[in-house]
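Worksheet for the structure shown next.
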Amino acid sequence: MTEQVSTSRCDSPLLQAFVDNRLTLVKIAARITGCRSRAEDVVQDAFFRLQSAPQITSSFKAQLSYLFQIVRNLAIDHYRKQALEQKYSGTEEEGLNVVIHGASPETSHINFSTLERIAVALTELPNRTRYAFEMYRLHGVQQKDIAKQLGVSPTLVNFMIRDALVHCRRVSGTQPDTFARR
Numbered sequence: 004m005t006e007q008v009s010t011s012r013c014d015s016p017l018l019q020a021f022v023d024n025r026l027t028l029v030k031i032a033a034r035i036t037g038c039r040s041r042a043e044d045v046v047q048d049a050f051f052r053l054q055s056a057p058q059i060t061s062s063f064k065a066q067l068s069y070l071f072q073i074v075r076n077l078a079i080d081h082y083r084k085q086a087l088e089q090k091y092s093g094t095e096e097e098g099l100n101v102v103i104h105g106a107s108p109e110t111s112h113i114n115f116s117t118l119e120r121i122a123v124a125l126t127e128l129p130n131r132t133r134y135a136f137e138m139y140r141l142h143g144v145q146q147k148d149i150a151k152q153l154g155v156s157p158t159l160v161n162f163m164i165r166d167a168l169v170h171c172r173r174v175s176g177t178q179p180d181t182f183a184r185r
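Here this note's numbering is used: the first residue of the sequence shown is 4, the next is one more, and so on.
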């Protein structure tokens, strides 16, 4: 992968030193973060900070030290943030087993009763309509794929899904606003 290097000169000597030493700065940040792409993010953050920084009129060596220190500090901050996020994040399976606080037995019963009425309503539908509705709403299959499986047009599948949804709403006594749209 070739990297594009700007041939134009920067207004600030500090920014020019940054551009000239960008690859070295990325390597420094990569040693701390453990990932080149994260290191690129750190170096980009450093560049944005330097653009708004006041002009430094010190020696070239002092400017390089300043650049390396900024990148090093940002990389350490990034590493700490990443470690903290990993400490408090869990697997998807852990998230599925989280108890919902505030879910009362009454609310659970109402929700369960509503689901039972919807399940009964789905059995009242023609097989083809129920299949189209379940595949689209529950399994996330695209309407065009359902149409191919059933040998009908996508428009007809759309109408079948709509009819099933209207029927479920009517049977469960819910308003159209309560159903989430895909």
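Ideal Cβ positions, reconstructed from N, Cα and C, are used throughout, including at glycine. Fair warning: this is a prediction, and the values are worked out from it, not measured in the lab.
Going by DSSP, what residue range makes up the alpha helix (DSSP H) through residue i?
i: residue 54; result: 39 to 54
i: residue 29; result: 25 to 36
i: residue 145; result: From DSSP, residue 145 is part of no alpha helix (DSSP H); its letter is neither H nor E.
i: residue 126; result: 108 to 127
i: residue 141; result: Run containing residue 141: none; DSSP gives neither H nor E here.
i: residue 102; result: That residue, residue 102, is in no alpha helix (DSSP H); it is neither H nor E in DSSP.
i: residue 74; result: 63 to 91
Does DSSP classify residue i as helix, strand or coil?
i: residue 132; result: helix
i: residue 169; result: helix
i: residue 174; result: helix
For residue i and residue j, what's the separation of their Cα atoms in angstroms?
i: residue 21; j: residue 50; result: 8 Å
i: residue 30; j: residue 77; result: 13 Å
i: residue 98; j: residue 90; result: 14 Å
i: residue 96; j: residue 103; result: 15 Å
i: residue 167; j: residue 112; result: 24 Å
i: residue 18; j: residue 47; result: 12 Å
i: residue 81; j: residue 24; result: 21 Å
i: residue 153; j: residue 118; result: 26 Å
Which residue wins for smallest C-alpha separation from residue i, given the options the options?
i: residue 143; options: 125, 164, 129 and 121; result: 164
i: residue 175; options: 107, 113, 37 and 120; result: 120
i: residue 149; options: 23, 162, 135 and 141; result: 135
i: residue 54; options: 70, 43, 41 and 80; result: 70
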